[in-house]
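Below: one structure, written as structure tokens.
Chains as they are written, first to last, in our numbering: chain A, -14 to 442; chain B, 27 to 259.
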């Protein structure tokens, strides 16, 4: 005969009372586990949603970057072409050239060796990015009886000490001609049409749109052919030195560098045009950056909104848990305590007899607390198992998001160290709850006066 | 001397204080079967519980087998009670969810974790022997609810004797029994006294009192010896 035998026999005798105690403890344990599981599910769902959204946003931004880069490249290219039409940053002219002729007539008369271009390209000049040797002269198109500006260009001369850059000015192939707007409008010319200019045959390769400048009355042909037509073999009127960043104080540096390499030349600055180009590029860059920033901001705002929404939901569930959980624990403790009290009242006679038989106070306590511990163990374990099932069922009901409904979410959480701690601690808490709730009743039983009980009988 | 009451008094406090024991003195030696008679409320049960170390007196001294139980701590007194005393009650007070064997073995709980602890096998054999002795050998697995009153009281008697107590305290043990079973119980108590124990019986039953070696009459908390012949008459 042992106290545990006495406890088990009593439990077997009063099954319903014990079962109700177990259920009360199980409900408490169930609530703890289910609440923790739901809260952890919320956090995991939020983490997954935010990770997905973050990835989507980053992907969208990557796409945007690619789009902006492509658009920026197109824009820059267009600007480059526009800049070409607008003019050049710097013109290198023979020192003897009267600049007023250029401004008044749109043509030049003084020449310098074409080799100056190679000399400049072969130097280590740092301020100039592009070099284009040109001839530029107002002539009569005898076959059409029309005054035009003849522009001979051979395209860009590569700077020897630099990596090859994309040429700013497309070269015109020998035998081809590019025609300004006023000319082709007046003569009704078409692309592909063959024309004769100063006795030579040309095919029209391009017709320029209206630019509102001397370009509208200009014909572009290959430099070599222009030199031949004008009798200027190996001579050029000007070298167009294109400098993207030639605004501000660097002009003086460009002039000084060119003067050191090409003595007997003069440099004319086209300041406003260069600035416009720089501003346009800056603007293009700014537009791209603003677009990206707007995309990023929109993405971040969407993430913030989602996060705030999820946090509201999580807070709601946490607040619910904080309200319901203590209530359930208190009710469960009250139920266990009440059942224990009823049990003690019901076993009053038995307590008196056991004391008369010589059972010590501690042994009477063990008889009642042992039963409580047993109900805590069984209720705790049952509560943990049921709580996991309840949490898995309640979670998707409280959170209808697609991620929350995904398969395997609960299993993921069950495997986390934090939840494992909950699973291990909950039975301990359940035992503690059952023991504490039964303590008063057990103490009452232990303090029963056997004489009073037996006299009462 | 197995039991000595020396000027023992006990008063129940309250709105109407009751002097249950008034300077009660008596001795019981081994081998004696003593009966105490008296009207209801005269203090018989108080005397029995005081002798049973369950109710401390206000004054006087109780000595059992040379020990003063009321000078002991609660737990020590409980162990002492479990080893030295056996109780039989009118209402039997068997534990309803234990079978007869477990009920008889219940007193071994008081010996657990004490120097007097008994080997479970030996205790079981002793319990079965007692149940056999009281004619309950074929009912050991039955719960008290399935027994007659006589069987229950015999079981209670077996329980009281399991730890081989020195003193058996019986409170109206035949009160709910038919004459046949009452005779069996009284016979068993006599046998216990004859074997070297002592019995203190509290009863209204003249026949039970007549079975005793000596009889005391109790009235208003006072005890006086009654001639044995008067009881038998």
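No residue lacks a Cβ here, since even glycine has one placed at the ideal position from N, Cα and C.
Computed from a predicted structure; not experimentally measured.
In this structure, residue 101/A and residue 224/A form a Cβ contact; the two beta carbons are roughly 6 Å apart against a cut-off of 8 Å. Under DSSP, the beta-bridge partners assigned to residue 35/B are 85/B.
Counting the other CB atoms within 10 Å of its CB gives residue 229/B a total of 16 or more, which places it among the buried residues.
Within the stretch 21 to 64 of chain A, no run of alpha helix (DSSP H) at least 4 residues long lies entirely inside it.
With respect to the C-alpha of residue 372/A, the residue from 338/A, 409/A and 355/A having the closest C-alpha is 409/A. C-alpha of residue 103/A to C-alpha of residue 138/A: approximately 15 Å in a straight line. Look at residue 110/A here: in three-state DSSP terms it is coil, with no helix or strand label. Contact holds between the stretch 2 to 16 of chain A and the stretch 363 to 377 of chain A, because three or more Cβ pairs, one in each stretch, are under 8 Å apart. Residues of the stretch 123 to 137 of chain B that bring their beta carbon within less than 8 Å of a beta carbon in chain A comprise 123, 124, 128, 131, 132, 133, 134, 135, 136 and 137, in sequence order. Between residue 271/A and the set 60/A, -1/A, 19/A and 26/A, the nearest pair of CA atoms involves 60/A. If you draw a 10 Å sphere on the C-beta of residue 207/A, you find 16 or more other C-beta atoms in it, and that means buried. Nearest to residue 222/A by alpha-carbon distance, out of 123/A, 398/A and 419/A, is 123/A. Considering only 32/B, 63/B and 41/B, the residue with the shortest C-alpha distance to residue 235/B is 63/B. Its Cα nearest to that of residue 92/B, the residue 27/B stands out among 98/B, 35/B, 27/B and 143/B. Along the stretch 430 to 441 of chain A, going in chain order, the ones with a CB nearer than 7 Å to a CB of chain B are 435, 436, 439 and 440. Residue -3/A reaches chain B at 123, counting residues in chain order whose Cβ is nearer than 9 Å. Judged by DSSP in its simplified three-state form, residue 55/B adopts coil rather than helix or strand.
Relative to residue 329/A, the option among 345/A, 353/A and 339/A whose CA is nearest is 353/A. Residue 179/A has 188/A as its beta-bridge partners, per DSSP.
For the pair residue 88/B and residue 50/B, the Cα-to-Cα distance works out to about 10 Å. Against chain A, a Cβ distance below 9 Å from residue 115/B picks out 338, 341, 439 and 442. When the five nearest sequence neighbours on each side are left out, the beta carbons in the same chain lying within less than 8 Å of the beta carbon of residue 420/A are those of 354, 357, 358 and 361, in order along the chain. Around the beta carbon of residue 307/A, fewer than 16 other beta carbons lie within 10 angstroms, which makes this residue exposed.
Ranked by how close their Cα comes to the Cα of residue 25/A, the residues 380/A, -7/A, 127/A and 437/A have 380/A in first place. With contacts defined as CB atoms closer than 8 Å, residue 110/A and residue 281/A fail to qualify as a contacting pair. DSSP, reduced to helix, strand and coil, places residue 295/A within a helical segment of the structure shown. Burial check for residue 71/B: the Cβ neighbour count within 10 Å reaches 16 or more, so the residue is buried.
Residue pairing by DSSP places residue 196/B opposite 114/B and 227/B in a beta bridge. Looking at the DSSP output, residue 93/B shares a beta bridge with 90/B. Three or more Cβ pairs closer than 8 Å define a contact, and the stretch 318 to 327 of chain A falls short of that threshold against the stretch 90 to 107 of chain B. Residue 49/A counts as buried, since no fewer than 16 other beta carbons sit within 10 angstroms of its beta carbon. CA-to-CA, the gap between residue 193/B and residue 205/B works out to about 25 Å. Apart from sequence neighbours up to five positions away, the residues of its chain that approach residue 439/A with a beta-carbon distance below 6 Å are 337, ordered along the chain. In this structure, DSSP gives residue 160/B a state outside helix and strand, which the three-state scheme calls coil. Non-local C-beta neighbours of residue 435/A in its own chain, meaning closer than 7 Å and more than five positions away in sequence, comprise 337, 340 and 341, ordered along the chain. The beta carbon of residue 48/B does not come within 8 Å of any beta carbon belonging to chain A, so the residue lies off that interface.
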